[in-house]
Every structure is written in structure tokens, then in C-alpha cells.
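Q:
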Amino acid sequence: MRLSFHGADRGVTGSCHLLEAGGVRVLVDCGLYQGEHELHEENDQPFGFEPAEIDYVLLTHAHLDHCGRLPLLVRRGFRGRILTTAASRELARIVLLDAAHLNEEEAEHQARRGRRRGRRGEPPLYTTLDALNTLDFFHDSAVYGQAIPLDKHVTATFLDAGHILGSAWIRLDVEEKGRRRRLLFSGDLGNRGRPLLHDPAPPPEADYVLMETTYGDHCHKSVPDSVAELFAAINDTFARGGNVLIPTFALERAQELLFYLREGVRTQRLPAAMQVFLDSPMAISATGIFGRYPDCYNRGVAELFRRGEDPFDLPGLRFTRTPEASMAINRVRGGAVIMAGSGMCTGGRIRHHLKHNLWRADCSVVFVGFAAPGTLARRIIDGAHTVNLFGEPVRVNARIHTINGFSAHADREELLAWHAGTGRPRRTFLVHGDPERGMGAMATALEELGFKVECPRQGEEVELE
Ligand code: ZN
Numbered sequence: 038m039r040l041s042f043h044g045a046d047r048g049v050t051g052s053c054h055l056l057e058a059g060g061v062r063v064l065v066d067c068g069l070y071q072g073e074h075e076l077h078e079e080n081d082q083p084f085g086f087e088p089a090e091i092d093y094v095l096l097t098h099a100h101l102d103h104c105g106r107l108p109l110l111v112r113r114g115f116r117g118r119i120l121t122t123a124a125s126r127e128l129a130r131i132v133l134l135d136a137a138h139l140n141e142e143e144a145e146h147q148a149r150r151g152r153r154r155g156r157r158g159e160p161p162l163y164t165t166l167d168a169l170n171t172l173d174f175f176h177d178s179a180v181y182g183q184a185i186p187l188d189k190h191v192t193a194t195f196l197d198a199g200h201i202l203g204s205a206w207i208r209l210d211v212e213e214k215g216r217r218r219r220l221l222f223s224g225d226l227g228n229r230g231r232p233l234l235h236d237p238a239p240p241p242e243a244d245y246v247l248m249e250t251t252y253g254d255h256c257h258k259s260v261p262d263s264v265a266e267l268f269a270a271i272n273d274t275f276a277r278g279g280n281v282l283i284p285t286f287a288l289e290r291a292q293e294l295l296f297y298l299r300e301g302v303r304t305q306r307l308p309a310a311m312q313v314f315l316d317s318p319m320a321i322s323a324t325g326i327f328g329r330y331p332d333c334y335n336r337g338v339a340e341l342f343r344r345g346e347d348p349f350d351l352p353g354l355r356f357t358r359t360p361e362a363s364m365a366i367n368r369v370r371g372g373a374v375i376m377a378g379s380g381m382c383t384g385g386r387i388r389h390h391l392k393h394n395l396w397r398a399d400c401s402v403v404f405v406g407f408a409a410p411g412t413l414a415r416r417i418i419d420g421a422h423t424v425n426l427f428g429e430p431v432r433v434n435a436r437i438h439t440i441n442g443f444s445a446h447a448d449r450e451e452l453l454a455w456h457a458g459t460g461r462p463r464r465t466f467l468v469h470g471d472p473e474r475g476m477g478a479m480a481t482a483l484e485e486l487g488f489k490v491e492c493p494r495q496g497e498e499v500e501l502e
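Following this note's numbering, the numbering of the sequence shown begins with 38 at its first residue and continues without gaps.
1. Would you call the segment 460-472 and the segment 239-246 touching, i.e. three or more CB-CB distances under 8 Å?
2. Beta-carbon distances below 5 Å to any heavy atom of the ligand ZN define the shell here; list its residues in chain order, please.
3. In terms of alpha-carbon separation, which member of ILE366, PRO83, ALA454 and ARG47 lies closest to GLN312?
4. Unbroken alpha helix (DSSP H) runs of length 4 or more, entirely within the segment 122-160: which are they?
5. Using 8 Å as the cut-off, can you tell me whether the segment 201-221 makes contact with the segment 272-292, which would need three or more C-beta pairs spanning the two stretches below that distance?
6. In chain order, which continuous runs of the alpha helix (DSSP H) of length 4 or greater are located wholly inside the segment 309-339?
7. Which whole runs of the beta strand (DSSP E) in the segment 258-295 are 3 residues long or more, in chain order?
8. Pop quiz: GLY68 and LEU101 are said to be a contact at Cβ under 8 Å. What is the actual Cβ separation, rounded to whole angstroms?
9. Which same chain residues, not among the five before or five after VAL260, have their C-beta less than 6 Å away from its C-beta?
10. Starting from ASP210, follow its DSSP beta bridges and name the residues at the other end.
11. Quick one: is HIS146 buried, meaning 16 or more other Cβ sit within 10 Å of its Cβ, or exposed?
12. Any chance the segment 397-411 sits against the segment 318-338, with 3 or more Cβ pairs inside 8 Å?
13. In angstroms with no decimal places, state the Cα-to-Cα distance between THR359 and ARG388.
14. Just grab the DSSP bridge partners of MET376 for me.
15. With respect to the beta strand (DSSP E) encompassing ALA184, which residues constitute its N-terminal and C-terminal limits?
16. Judging by CA-CA distance, which residue of LEU172, GLY105 and ASP350 is the nearest neighbour of GLN292?
17. Express the C-alpha separation of ASP273 and LEU166 in angstroms, rounding to a whole number.
18. Can the beta-carbon of ALA445 be found closer than 8 Å to that of VAL49?
19. If ALA89 and GLY114 are in contact, beta carbons under 8 Å, what's the gap, nearest whole angstrom?
20. Can you list, in chain order, the residues of its chain whose CB lies under 8 Å from that of ASP81, leaving out five sequence neighbours each side?
21. With 16 as the cutoff for other CB atoms within 10 Å, does GLU127 come out buried or exposed?
22. Can you give the Cα-Cα distance for ARG494 and ARG277, rounded to whole angstroms?
23. Leaving out the 5 sequence neighbours to the left and right, which residues in its chain are closer than 6 Å to ARG436 when beta-carbon positions are compared?
24. Between the Cα of LEU233 and those of TYR297, ARG449, ILE375 and ALA144, spot the shortest distance and give me the residue it belongs to.
25. Taking only runs that begin and end inside the segment 351-402, name each unbroken alpha helix (DSSP H) of 4 or more residues, in chain order.
26. Nearest CA to the CA of GLY428: which residue from LYS392, ALA309 and PRO284?
27. Looking at C-beta atoms only, is the number of pairs between the segment 248-259 and the segment 465-478 that lie closer than 8 Å three or more?
28. Out of curiosity, what's the CA-to-CA distance linking PHE356 and PRO348?
29. Just verifying my parser: in three-state terms, what is the DSSP assignment at ASP81?
30. Pop quiz: ARG432 and TRP455 are said to be a contact at Cβ under 8 Å. What is the actual Cβ separation, rounded to whole angstroms?
31. Hey, quick one: how far does the alpha helix (DSSP H) through ASP102 stretch, first residue to last?
32. So, do the segment 205-212 and the segment 187-194 have three or more beta carbon pairs nearer to each other than 8 Å?
33. What residue from ARG208, ASP262 and LEU196 has the CA that sits closest to ASP236's CA?
34. Return yes when the Cβ of GLY378 is within less than 8 Å of the Cβ of ALA22, no when it is not.
35. Suppose the cutoff is 6 Å on Cβ atoms and the five residues either side in sequence are ignored; what does the same chain contact list for ASP332 look like?
Here it is as C-alpha cells:
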């Protein structure tokens, strides 16, 4: 059996791993490389395997860096089956359609620029039609804990990863040459004790483990401390007369924040008159999907749904779908929480809100998620005095808060605990992390515990006994 690495190798985006075992070729995830600009060239490279020869794609969850190259895979000849949970399938639909739309917009924008210089633009990485075609390959939703036979010798089981709605880590049981081997693919593991989802399911003992390392060097603050910090930032900003901007990932984080803000108003720790804008069509659609999967939630939230209450609704909440409604927010000078994508400020409506609020000392920007190196979010967090927005320099006078206790990712201790649950694997492969940060730190920690650890490079292949 052979494992090869085709994305998120010594990096945090583009997850894609190939297992050839029994009689099948199984891809786990097929994600997009992401950065300051969606990295067209990097994503457009050959995969390093033949898409037509892949039998299955097992999708751990619907984040773009795990599913975003699926339309390319289909366009280049994949005709197998994509397996994932029902919730992931619904979320992947909006994520892929949104990505395709952004690709088309970007290509159109480049073409217009090119024409002015007498050059032809490049076609989009993939189109809405490619994304729609991809949806036809999603088959048979996976149910947590139920083994799915991929062929006579290989079964796959999806288990709750507690990362975002529908997320899974995947167990593959392989029988080859009379030997049984178990492999675990962590996908992205969740942070324990979050308000909506279950904690990640504990892993069984395994022979080979492939694990994410996003926060392998970092321990998160507790959730109650983080909530208190968020409420303090909001109340302080309102007292100064400004707005609070929260660059938000559309899946999970936006819904979690709505849940916290609702709790804040309910317990009178936040003003009831506060205006809250969810300025992201994708986050609005995702919030609708969240309401359809009450089983995925922990007991408290499931109970709210059962009582007919909406855990994501609060008095001053407004959903702004159209560009006009979004632009109207620019007139609000204070007393508002504005949540908009993208989470790393690489695109989306948040950039407009930053342009209108970042230079104002009475405003605040609260970062609640991972910010990859090279992104606008990272530059602001690292203390840039001026940033460029729409071709103009904008001073950073607003107060900047970074609250990482809301992270959807397991921290260092949780990763170590999850790995400890796998017993004594023969080999552990670390992916989805920065070698200078999370990945490097996790490799050192696991090696000190006596594990055989590898940080593969893109294109590397390993034979597994
Ligand atoms: Zn993720």
C-alpha cells in the first residue's frame, strides 16, 4: 500500500492525500491553496496523479482548503465517487459555488485590465458549471461511525471531528496480503468545549496516522475567557462611539459568534440595542443549513432547536445579502458589530468595512481565527501602521484584538491527546501546518515521546508495510 502527498505539505492549505491500497485509489480531500490572492498558478498545476484513476474522494469537511480543487479534479477526468457527511455535502455546495463565482469575477477583472494593456486574460481556474458538475459526483452520505466498504479489502469510517458542522476524521481499514492495517486521517480536528458542536470523537489505535498541526505550537485561551474578552472589546468600542469589525469565516465561526452575541444580550452583558450585521451571503446561507442539522449539536443547542428557538438570532441582527445593503452599513458610525468575510481579509466585503473603519481610533477590529502568513489579517495583527486597500494607503488607528480561544482547531495539548489515543503507530505523518511553527513544534514533541514522525514534502510517496 502506498501513500502520497499532494497538498498541505509543509503548509496550511491545499489538503490532498492519496492512498493506494487493496484495489482502490482513495483521495482524502482535494483542497485549494489559499493566500493573499487565490493562488491561481499553484492551484492550476498538475495534481501529481491521474484524476481519471481515482476511485473515491473522501472529504473530511467543507472548508475551501479541503474541497476547493474538486471542480478541477472533475474537469480533468475524475469519474469516481465523492463521499462525505450530509451536512458537509450541503456546505460544500455553497462553498464551491462561491469559489467558482469568485474565480469568474477575478478572471473578468483581469481580462478587463489586460484589454487596456492589449493582453488577453487567463480563463478562470474553474467556472460555476464546473462546480455544478462536481456536485453530481457526491454519492451516499456518510454517517458518523458507520463503516463504508470501498472494495473487498478497504473500508472507510467517518467520525466526528468537532471542527465545523459535518466535519469528520476518517478511519481506513485495509486488508492486504493477509495483513490488516488501520490508517487515520485527522482532517482538521476541533477544539474541545465549544458551544455548538460535539468534542472530537476519540481515535482508536492505528498503524499509521496522518495529522494536522495548525496550532501545534500554541495553547488556546479558555472559551469563557475569550467570550469575556470579546464582550469587553465590544462594550469599550461602543463607549468610544465606534464600530466593531469581525473578519469572519462563513462556516461555523459566524454562527458561533451569533450564538455568543445572543447569549451576551440575553444575560445583559451586551446592550440589547446593539446592531449586528452579518454581511456575508455565504455565511447567511450557511446559517440556514445549520438549522437543518440539529443532531450535529451538543445537548444545550439541540435543546434550543427542540424548543423552537433559533440559537443564531438576536434582536438587532440584520442579514445583508445585496451589495446595496452592504454599502448602507458604511453610514453606521457607531454601536454596530459588523461581521463579514473573508476571515483572513484576503477578499470579500470586510475589505470595504476596513477601508471605512480601520483609520478611526474609536473603532476596533477583532480577529477570531487563524491568519496565514502573507495575508492582510496577519499584517494587521503583526502591527502594520498602514495597509493598502483598493489601491489606497489606510492608517491602522483602530484597536486590534486577537482572540484565539474561538479557534475551530485543536491546540497543541488537544493534538497531543488525540495522537496519544492512537496508541503506538508505526509512522506518523504531519501535514497542514507551518514547519516553522505548529508542524515543527508538533514533530519535536512527538519525537521526544518516541514516535516515528515525518513531515512529507509535496509529491513524496511512501510505501507502507
Ligand atoms: Zn477546516
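Don't be surprised by glycine CBs; every beta carbon is placed ideally from N, CA and C.
A: Taking the geometry as given:
1. Contact between the segment 460-472 and the segment 239-246 is present, because at least three Cβ pairs lie under 8 Å.
2. Residue selection by CB proximity (closer than 5 Å to any heavy atom of the ligand ZN) returns HIS100 and ASP225 in chain order.
3. Comparing Cα-Cα distances from GLN312 to each of ILE366, PRO83, ALA454 and ARG47, the minimum goes to ILE366.
4. Entirely contained in the segment 122-160, the alpha helix (DSSP H) runs reaching 4 residues are, in chain order, 123-153.
5. The segment 272-292 and the segment 201-221 touch, with three or more beta-carbon pairs separated by less than 8 Å.
6. List check, alpha helix (DSSP H) in window: 318-327.
7. You should have 281-284.
8. Rounded to whole angstroms, the Cβ separation of GLY68 and LEU101 is 7 Å, and the two are in contact under 8 Å.
9. If we look at VAL260 and ignore the five residues flanking it on each side, its Cβ neighbours are GLY230 and GLY442.
10. As computed with DSSP, ASP210 is found in a beta bridge with THR192 and ARG219.
11. Of the other Cβ atoms in all chains shown, fewer than 16 fall within 10 Å of the Cβ of HIS146; this residue is therefore exposed.
12. Between the segment 397-411 and the segment 318-338 there are fewer than three C-beta pairs closer than 8 Å, too few to call the two in contact.
13. Going by the C-alpha atoms only, they are around 16 Å apart.
14. Secondary-structure assignment with DSSP links MET376 through a beta bridge to ILE283 and LEU315.
15. Start and end: 184-186.
16. Considering only alpha carbons, the answer is ASP350.
17. Rounded to whole angstroms, LEU166 and ASP273 show a C-alpha spacing of 47 Å.
18. Not closer than 8 Å, so no.
19. Between GLY114 and ALA89 the Cβ distance is about 4 Å, and since that is below 8 Å, they are a contact.
20. Taken in chain order, the residues that qualify are LEU109 and LEU162.
21. Buried is the call here.
22. Cα to Cα, ARG494 sits roughly 49 Å from ARG277.
23. If you ignore the 5 residues before and after ARG436, its C-beta comes within less than 6 Å of the C-beta of SER401, all in its own chain and listed in chain order.
24. Answer by Cα proximity: TYR297.
25. Taken in chain order, the whole alpha helix (DSSP H) runs of length 4 or more contained in the segment 351-402 are 360-365 and 387-394.
26. Closest by alpha carbon: LYS392.
27. Yes, the segment 248-259 touches the segment 465-478.
28. Going from the Cα of PHE356 to the Cα of PRO348 covers about 15 Å.
29. In the structure shown, ASP81 sits in a helix (DSSP, three-state: H, G or I).
30. Cβ atoms of ARG432 and TRP455 stay farther apart than 8 Å, at about 43 Å.
31. Taken as a continuous stretch (DSSP letters only), the alpha helix (DSSP H) holding ASP102 covers 101-104.
32. The segment 205-212, when compared against the segment 187-194, does touch it at the 8 Å Cβ threshold.
33. The candidate whose alpha carbon is nearest that of ASP236 is LEU196.
34. Any answer about residue 22 is impossible in this case: the structure gives the chain only from 38 up to 502.
35. Contacts found: none.
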